[in-house]
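If you read the sequences in order, they're chains A and B. Residue numbers 1 to 261, in the numbering used here, belong to the letters of the first sequence in order. Residue numbers 1001 to 1261, in the numbering used here, belong to the letters of the second sequence in order. Cβ coordinates follow ideal geometry from the N, Cα and C atoms, glycine included. Beneath this line is the structure, given in structure tokens, with notes to follow.
2 protein chains.
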Amino acid sequence: MTDAEYVNIWMRPERPARGPKPAYSRAQITEAAVRIADAEGLEAATMRRIAAEIGAGAMSLYRYVPSRDNLIELMADRLMGEIDVTDMPSGDWRADLTRYADGLRAMWLRHPWIATVQRSLPSFGPNQLLLIERLMGVLDAFVSIDENLGFVAMLNGYVEGTVREEVSSAEELRRSGLSEPEWMARSHPYVDQLVKSGKYPIFTKIVTEARRPHLSREDQFRHGLKHVLDYIATALPPTAGSAMPASREGREGQDGPAQGS
Amino acid sequence: MTDAEYVNIWMRPERPARGPKPAYSRAQITEAAVRIADAEGLEAATMRRIAAEIGAGAMSLYRYVPSRDNLIELMADRLMGEIDVTDMPSGDWRADLTRYADGLRAMWLRHPWIATVQRSLPSFGPNQLLLIERLMGVLDAFVSIDENLGFVAMLNGYVEGTVREEVSSAEELRRSGLSEPEWMARSHPYVDQLVKSGKYPIFTKIVTEARRPHLSREDQFRHGLKHVLDYIATALPPTAGSAMPASREGREGQDGPAQGS
DNA sequence: CTCCACTGGGTACGTTGTACGCGGTTGTGG
DNA sequence: CCACAACCGCGTACAACGTACCCAGTGGAG
């Protein structure tokens, strides 16, 4: 009815014109929901639980939010606002994109449950819109809007792909209620059986030899990010301001001079 | 109790020694669940719905599967089995990895709900294990196990990141019950308002100028995949057999550098 | 002042996953 | 060959979920 009148949650006004003053707010509800999801997972952020968190009755939330799905949209957009993109573009595109990538990764690590929220059709909340403006503004002067979209998709894809793995591990551990050593100990019989069967030589190799899972995630992330930025650099005109010169493909080896500041 | 005895679903035997013959099977249940999830989304695959699909009572499923979460693990592993990795490694690593990437992408497109199943801690079902063996066997002879893990993570990350976008769009559309033009028409007032506000120049540019969303997903995928494979190529020794020259001879078998067990 | 669009929230309903226990079936030890 | 215990399918039941509906109050507009 009146619900279907609105195209989406962003077009629905939070406060009507008349009537008594609301005791809560969308922002407050969203904040509480994010807090619960951070601590106990998204599935713990039930309407009743959120209401209890702010001292309201369960059904009161529906005065502010049409449905739980819409609330999750609000939560997701709130997270977008955590990524610091002020003063972008700064003139140094590489520094800007690095700062964005770091911010996106850090946000995911603070809110692992974001992995379970499918991005779906673009929701275009206010924070996400601002993010788009600032982020795509970085390369807007140098490339076409289509190329820009491609680069941003690649960058987002890289960051999210990388961080999704560690985030979902952490979530699974939290859900199981076990610590990582406990989990390892628990699955040891299974892993052992697989190894002893002799049917999985590469799996065995991973278990017995690989050191990668123990390497710093941070290092892996920076290493891969460098490649993504290098790739972008090859498609940018030389007029693009950056702390590093654009290099041709195939370049590898030790990391060059890191862009300072 | 007896549930907690087992490390995971893969160690729990499907059939006990004694008693009457089961009327159904894990495979049959998993199949039905996948069929429902494909057609109506994962959330439609409830225990009752799955049971009805195979003509069983709801609680009968619990004779075969300890919980719905475990059933979803079975479903996910069944999907891994759809990816054709027979005859890998073939000697042409580039062809092998391309075939794998195509297969992975096609599988995602057939089963969009996989995007909502977090990979979590590696579950190591039989199909996934076989996939690991075949896929990582492709580069095993040329690089260390750590490098191999890195490449596979990158390849998986690229494919999943690319396909996740289109898949989640399709899922969202299906959930909303609208066709894509219908959805576009519906959100037009909101987009229009954003454009008219003048506050979002880049968003406006995307809406009015960008052609990328209309380009072939297939082309985009192949283009990006080429870059991923090119990057892998730069880190491989020249002895690695690929399609570049027609060196039928240069193939090395499973014998890599030192490894023994 | 009166009015009524609004407020917070209690109650209730349909749906979910699943614990429990039932009567029937069947491989196996005596 | 038979009794028994282990298994079967599954009906009933329950807690927790999202949320529809309804209510008694409240406060700005006329």
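CB contact below 8 Å: residue i versus chain A
i, result
"HIS1227(B)", "yes"
"VAL1065(B)", "no"
"ALA1115(B)", "yes"
"GLN1118(B)", "yes"
"TYR1100(B)", "no"
"PRO1238(B)", "no"
"SER1168(B)", "yes"
Nearest residue (CA-CA) to residue i, options the options
i, options, result
"SER90(A)", "VAL143(A), VAL65(A), ARG186(A), LEU135(A)", "LEU135(A)"
"GLY1055(B)", "ASN1156(B), GLY1041(B), LEU1074(B), ALA1023(B)", "ALA1023(B)"
"GLU14(A)", "MET154(A), ARG222(A), ARG26(A)", "ARG26(A)"
"THR239(A)", "ARG217(A), ALA141(A), ASP146(A)", "ALA141(A)"
"THR1116(B)", "SER1169(B), THR1208(B), VAL1195(B), GLN1028(B)", "SER1169(B)"
"PRO39(A)", "TYR62(A), PRO112(A), MET59(A), LEU104(A)", "Reading off the sequence, residue 39(A) comes out as Ala, not Pro. Closest by alpha carbon: PRO112(A)."
"GLY1198(B)", "LEU104(A), GLY41(A), GLU133(A)", "GLU133(A)"
"GLU82(A)", "LEU131(A), GLN118(A), LEU61(A)", "LEU131(A)"
"ARG63(A)", "PRO20(A), ARG222(A), PHE124(A)", "PRO20(A)"
"ASP92(A)", "ILE72(A), GLY125(A), LEU139(A), ASP102(A)", "LEU139(A)"
"SER60(A)", "TYR200(A), GLN28(A), GLN118(A)", "GLN28(A)"
"ARG1094(B)", "LEU1155(B), GLY1041(B), GLU1165(B)", "LEU1155(B)"
"LEU1236(B)", "ASN1148(B), VAL1167(B), MET1088(B)", "ASN1148(B)"
"TYR1200(B)", "SER144(A), LEU129(A), GLY177(A)", "LEU129(A)"
Cβ separation of residue i and residue j, assumed to be a contact under 8 Å, to the nearest whole Å
i, j, result
"ASN1127(B)", "ASP1077(B)", "5 Å"
"ILE1202(B)", "GLY137(A)", "6 Å"
"GLN220(A)", "GLU1171(B)", "The Cβ separation is near 30 Å, so there is no contact."
Through-space distance from residue j to residue i, alpha-carbon basis
i, j, result
"ASN1070(B)", "ILE1009(B)", "6 Å"
"GLN193(A)", "VAL1007(B)", "11 Å"
"VAL65(A)", "THR46(A)", "13 Å"
"ALA32(A)", "ILE50(A)", "6 Å"
"TYR100(A)", "HIS227(A)", "16 Å"
"ARG48(A)", "MET75(A)", "16 Å"
"THR30(A)", "ARG68(A)", "11 Å"
"ILE1206(B)", "ARG18(A)", "38 Å"
"THR204(A)", "MET107(A)", "35 Å"
"PRO1122(B)", "THR234(A)", "36 Å"
"ALA52(A)", "LEU225(A)", "42 Å"
"VAL1152(B)", "GLY57(A)", "49 Å"
"ARG175(A)", "LEU1173(B)", "30 Å"
"ILE1114(B)", "ARG1105(B)", "11 Å"
"ALA210(A)", "ASP1146(B)", "6 Å"
"MET1184(B)", "LEU1109(B)", "22 Å"
"MET11(A)", "PRO1189(B)", "9 Å"
"ARG1217(B)", "GLY1161(B)", "13 Å"
"GLY1157(B)", "VAL1191(B)", "31 Å"
"THR98(A)", "ILE1036(B)", "42 Å"
"ASP84(A)", "GLY103(A)", "7 Å"
"VAL1034(B)", "GLU43(A)", "23 Å"
"SER179(A)", "LEU229(A)", "36 Å"
"GLY125(A)", "LEU79(A)", "11 Å"
"THR208(A)", "GLY1177(B)", "49 Å"
Bounding residues of the alpha helix (DSSP H) (the contiguous stretch that carries residue i)
i, result
"VAL152(A)", "145 to 176"
"LYS205(A)", "201 to 209"
"TYR1062(B)", "First-last for TYR1062(B): undefined, no H or E at that position."
"PHE1142(B)", "Note, PHE1142(B): premise wrong, no alpha helix (DSSP H); not H, not E."
"ALA235(A)", "It is not in any alpha helix (DSSP H) - ALA235(A) carries neither H nor E in the DSSP assignment."
"ASP1102(B)", "1093 to 1110"
"GLN1193(B)", "1180 to 1197"
"GLU40(A)", "26 to 40"
"ILE83(A)", "Element bounds for ILE83(A): n/a, residue is neither H nor E."
"MET1088(B)", "No alpha helix (DSSP H) holds MET1088(B); DSSP gives it neither H nor E."
"GLU14(A)", "Counting along the chain, GLU14(A) falls outside any alpha helix (DSSP H), and DSSP gives it neither H nor E."
"GLU43(A)", "It is not in any alpha helix (DSSP H) - GLU43(A) carries neither H nor E in the DSSP assignment."
Residue-chain proximity (residue i, chain B), Cβ-Cβ < 8 Å
i, result
"GLY161(A)", "yes"
"TRP93(A)", "no"
"ARG211(A)", "yes"
"VAL138(A)", "no"
"LYS196(A)", "no"
"THR2(A)", "In this prediction, THR2(A) scores a pLDDT of 43, lower than 50, which makes its location untrustworthy; the coordinate-derived value is nonetheless stated afterwards. So, not an interface residue."
"MET11(A)", "yes"
"ILE206(A)", "yes"
"ILE202(A)", "yes"
"SER187(A)", "yes"
"ILE232(A)", "no"
"LEU79(A)", "no"
"SER247(A)", "Here the model assigns SER247(A) a pLDDT of 44, short of 50, so the residue's position is not dependable, and the following value carries that caveat. No, its Cβ sits nowhere closer than 8 Å to a Cβ of chain B."
Residue i Cβ short of 7 Å to the ligand ADP heavy atom set
i, result
"PRO189(A)", "This structure lacks the ligand ADP; in fact it carries no ligand of any kind."
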